[in-house]
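Here the sequence shown is numbered in my numbering, starting from 12 and rising by one per residue.
For every residue, glycine included, the Cβ atom is placed at its ideal position computed from N, Cα and C.
A short write-up of the structure that comes next.
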Amino acid sequence: MSHEENLKKYEELHALSLNDPAKFWGEIAEKGIYWKKKWDKVLDDSDAPFYKWFIGGITNTCYNAVDRWVEKFPDKPAYIWYSELDEEEIISYKDLLTRVNKCAAVLKDLGVKKGDRIVIYLPMIPEAAIAMLACVRIGAIHSVVFAGFSVRSLAVRVDDSEPQLVICADGGVRGGKSVDLKKIVDDTLETTKYKVPHVLVVDRGLVKHEMIDGRDKYWNELIKKKDDDTFIEPEWLESTEPSYILYTSGTTGMPKGVLRDTGGHLVALYHSMKSIFNTDTEDVYFATSDIGWVVGHSYIIYGPLFKGCTSIIYEGTPVYPDPSAWFKIIEKYKVNTVFSAPTAFRILRKYDEKYITDNDLSSLRTIYLAGEPLDKPTYEWMASVLGGVNIIDNYWQTETGWPILANPFGVAPLKIKPGSPTKPMWGWNLLVVDYFGDEEEKGNKGYLVAIPPTPPGVLLTVYKNDERYKKSYYEAFSDNFYFTTGDYGIEDEDGYFFVLGRADEVIKVAGHRLGTGEMEAVVSAHPKVAEVSCIGVEDEVKGQVPIVMVVLKEGYQGSKELENEIKSSIREKIGPVATPKAVYFAQALPKTRSGKVIRRAIKNIAEGKDPGDLSTIEDRSTIMAIRKLIEDYE
C-alpha cells in the first residue's frame with residue numbers, strides 16, 4: 012500500500028481509538044487475551060485521573076504469557092538466555108511452565124500470598140523471568156530493582172514496598188567483571204526500617220557470600236525439592252488489580268513507584284507487539300535492555316510472550332568481549348526484531364563497521380529505538396551500515412508502559428522522518444502546548460501533553476501516594492486537564508512529532524533559555540563526533556553557561572582546532588549566546604547501565620562538587636577521567 016493509503020488507515024484506527032475506546036480496545040481484548048470472566052465495562056473514567064480498564068474482567072498475566080501456549084507449541088523456545096561468557100540456555104514454553112510452577116510453590120511455602128510485594132534484585136538470568144512470572148501467577152506484586160543500584164537506592168525501594176521476600180543472586184557478570192549482589196542486599200537490609208522476613212538467593216557460584224540463618228535460603232535447593240509435575244493454579248485477578256511496581260529513577264527526591272494494572276497491561280502490550288513492532292508468533296525478539304527498566308518488563312519478559320514468540324535475555328554489554336556481541340546473537344538465533352537505545356548505537360559508531368557487517372544479519376527486519384531522542388547523524392549511520400534494515404524511533408516512558416509515539420509498522424507503515432518517533436499511538440490524544448497550556452501552532456516548540464483519558468497499560472497511580480500521582484502528571488497546567496509527559500516537543504505540518512528532551516533540561520544563559528538537545532543535535536552532525544552531552548554549569552556573570560562533552564569516533568583526536576570548529580557550529584546554528592565555555596574530548600561519558608548519560612555527575616564535577624549518587628553508573632573510571640579533563644583544560 013502507498014503512504015497515502017497507510018496514512019488513511021492509521022488515521023481511521025487512531026480516530027476510532029479516541030472516539031470509541033470501548034469498541035477499539037474491547038475487540039482487541041476479546042481477540043488476543045484469555046479472560047476467566049469477561050469484563051462488564053471497557054473503561055471507567057468516573058474517578059479521573061484514576062482510569063480503570065476492563066472493569067469486572069478476571070484474568071491472569073502468567074496464564075496469558077505461558078500456560079495458553081503450552082498446548083499449541085510446548086517445545087517452542089519462550090526465552091533464549093545468552094551470556095557474554097558464551098553461556099546459553101534455551102527454555103521452551105513447556106519447560107518454562109514447569110519452572111514457574113516450582114517457583115510459585117516455593118513462594119507459597121514462604122508465606123507469600125496475593126497482594127504481597129516481592130523485591131527482585133537479579134541480573135539478566137533466566138531465574139529473573141521465572142521469578143517475575145511466578146509472582147504474577149500467584150497474584151503477588153513484584154518490584155524489580157535494577158541489579159546494580161546502590162545500598163541507598165535499594166533501601167528506599169524496600170522501605171516503600173515492604174516486601175515479604177527479596178530474591179537476589181550471589182553475583183552477576185558485566186563487561187567481564189563479577190558484581191557482588193548478595194553483599195549489597197545484606198548491607199541494605201541492615202539499614203532498612205522495614206525488616207524483610209525472607210531472602211531467596213540464586214547461587215551461581217560467582218561470588219563468595221554469607222547466608223543469614225533463619226532469613227536466607229537458597230533458590231537452587233528449594234526449587235530442587237519440587238517435582239516436575241508441581242502445579243499451582245493461577246490466581247485469577249480483577250483486571251484493575253495491580254501486577255507490579257516499578258520505581259522511576261528520578262534525579263531528585265523519592266523515586267515514584269509506578270503501579271501497573273493487570274488487564275490493561277495485558278491488552279496494551281499484546282496489541283503493541285503486532286501493531287507497533289510488527290512481531291508475530293513465529294518471530295524472535297531481542298530487547299537489549301535490563302529487567303530493572305520498563306523496556307525489560309514490557310519487551311523482554313511480558314510482551315513477546317503475550318504474543319507467543321521467542322524473547323532473547325542477554326546478560327552483558329554491547330561491546331564485550333568486542334563490539335560484535337549483539338550482532339553475533341542476531342546471527343546465531345536468527346533475530347527478527349531488535350529494541351534498543353540510540354546511546355548504544357552511538358557507542359558502536361566509534362568502532363570499525365566490520366563488527367556489524369561481518370555477521371549474517373539477513374533475518375533482521377527492524378531495529379526499534381527509544382529512551383532518548385534519535386539524532387539524525389546516528390540514524391543515517393545506522394541506515395548506511397545496516398542496509399535494508401528498518402530503523403524506527405519510538406517514544407514512551409516508565410509511566411506509560413508502551414509507546415506514546417511510534418510508527419505503526421505492523422498495520423500501517425508510515426514514511427520515516429529521521430529524528431521523529433512519528434505519530435500518536437492508539438488512545439493517545441497528543442498536543443504541544445505553551446507555558447499556559449494553550450495549544451501551540453505547528454512547528455513551535457512547547458510542552459508535550461495528552462488529553463485524558465490515557466489508554467490501557469498506563470500507570471494506575473503512584474504506589475501509596477495518589478496525591479503525588481495527581482500532582483506529578485495532571486496538575487502542571489491549572490486551567491487545563493492534561494496528562495503531562497514532562498518533555499518538550501514539536502508537531503510539524505504533517506502531524507509528525509519531534510521530542511526535544513526533558514523540559515527541565517534547559518540552560519538559562521544571561522536570561523536566554525536554551526535547550527541542551529538543540530545544541531547536542533548541532534554537535535552530533537559533525538563527522539568526527541560519535542557522542543555528545545551538553546551541560547549547563549553555574550557562572551557568576553551569566554547564571555549558567557554551556558559546556559560540551561564529546562566522544563570522537565575511532566581514529567580521531569581532540570584539538571583546539573576541533574574545539575573551535577564545534578564552538579563555531581553552535582554559534583552559527585543557534586546563536587552567539589549558546590557558545591560553549593569549553594569543549595572537552597572524553598574517551599567515554601558516564602552512563603547508567605541502561606545507557607543514559609548521568610548529566611548531573613558531569614555538572615557537579617564541572618562546578619567543583621561531589622558527583623553525587625553513582626549507584627547506577629556503568630563505569631566509575633569515567634568520572635575520574637572527566638574530572639581530570641576539566642582540571643587540565645586550558
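{"Asked": "Three-way DSSP call (helix, strand, coil) for LEU625 in this model", "Found": "coil"}
{"Asked": "Between the CA atoms of ILE628 and ASP301 - distance to the nearest angstrom", "Found": "14 Å"}
{"Asked": "Endpoints, the beta strand (DSSP E) within which LEU563 is located", "Found": "554 to 563"}
{"Asked": "Among LYS236, ALA381, TYR132, PRO467, the one whose alpha carbon lies nearest that of PRO60", "Found": "PRO467"}
{"Asked": "Under 7 Å between C-beta atoms of MET530 and ALA589", "Found": "yes"}
{"Asked": "Residue ranges of each beta strand (DSSP E) within the region 89 to 134, 3 or longer", "Found": "99 to 103, 128 to 132"}
{"Asked": "Three-pair Cβ contact test at 8 Å for the region 367 to 382 versus the region 352 to 359", "Found": "yes"}
{"Asked": "C-alpha gap between THR262 and MET560, whole angstroms", "Found": "Confidence in THR262 is poor, its pLDDT being 40 and thus under 50, which makes the residue's placement too unreliable to answer from."}
{"Asked": "Boundaries of the beta strand (DSSP E) in which TYR595 is found, first to last residue", "Found": "593 to 596"}
{"Asked": "Local conformation of LEU640 per DSSP, three classes", "Found": "helix"}
{"Asked": "Sub-7 Å separation of VAL346 and LEU375 beta-carbons", "Found": "yes"}
{"Asked": "TRP407, DSSP secondary structure in three states", "Found": "coil"}
{"Asked": "Cross-strand partners of TRP64 (DSSP beta bridge)", "Found": "LEU54"}
{"Asked": "Pair within 7 Å by beta-carbon distance, VAL177 and VAL213", "Found": "no"}
{"Asked": "Check whether CYS114 and ALA139 have beta carbons under 7 Å apart", "Found": "no"}
{"Asked": "Every unbroken beta strand (DSSP E) inside the region 315 to 342 [3 residues or more]", "Found": "321 to 326"}
{"Asked": "Nearest neighbour of VAL444, chosen from ASN476, LEU192, VAL460 [CA to CA]", "Found": "VAL460"}
{"Asked": "Which residues DSSP lists as bridging PHE297, in chain order", "Found": "VAL349"}
{"Asked": "Own chain partners of ASN289 with C-beta closer than 6 Å, once the 5 adjacent residues on each side are dropped", "Found": "PHE420, GLY421"}
{"Asked": "As assigned by DSSP and simplified to three states, the class of THR368", "Found": "helix"}
{"Asked": "Residue range of the beta strand (DSSP E) that includes TYR258", "Found": "255 to 258"}
{"Asked": "At least 3 beta-carbon pairs within less than 8 Å: the region 187 to 199 vs the region 145 to 164", "Found": "yes"}
{"Asked": "Touching by the beta-carbon criterion (3+ pairs, under 8 Å), the region 107 to 126 and the region 197 to 207", "Found": "no"}
{"Asked": "Member of LEU133, ASP224, SER395, THR241 whose CA lies at the smallest distance from the CA of ASP120", "Found": "THR241"}
{"Asked": "Separation of ILE311 from GLU364, as counted between CA atoms", "Found": "27 Å"}
{"Asked": "DSSP state of PHE494 mapped onto helix, strand, coil", "Found": "strand"}
{"Asked": "First through last residue of the alpha helix (DSSP H) which encompasses PHE420", "Found": "Here PHE420 belongs to no alpha helix (DSSP H), and DSSP marks it neither H nor E."}
{"Asked": "THR377, enclosing beta strand (DSSP E) - first and last residue", "Found": "377 to 380"}
{"Asked": "Proximity of PRO435 and ALA536 at Cβ, strictly below 7 Å", "Found": "no"}
{"Asked": "Assumed close pair ARG226, GLY327 - CB separation to whole angstroms, cut-off 8 Å", "Found": "Not a contact, Cβ separation roughly 31 Å."}
{"Asked": "With 16 other Cβ atoms within 10 Å as the buried cut-off, status of ASN71", "Found": "buried"}
{"Asked": "Nearest-angstrom beta carbon gap, PHE488 and GLY448 [assumed within contact, 8 Å]", "Found": "3 Å"}
{"Asked": "Range covered by the alpha helix (DSSP H) that runs through LYS453", "Found": "Here LYS453 belongs to no alpha helix (DSSP H), and DSSP marks it neither H nor E."}
{"Asked": "Cα-Cα separation, VAL520 to PHE157", "Found": "36 Å"}
{"Asked": "Contact set for TRP276: own chain, Cβ-Cβ below 8 Å, skip 5 residues either direction", "Found": "The displayed chain sequence assigns His, not Trp, to residue 276. Here the set comprises THR72, SER254, TYR313, GLY412, PRO467, GLY468."}
{"Asked": "Between the CA atoms of PRO463 and VAL510 - distance to the nearest angstrom", "Found": "20 Å"}
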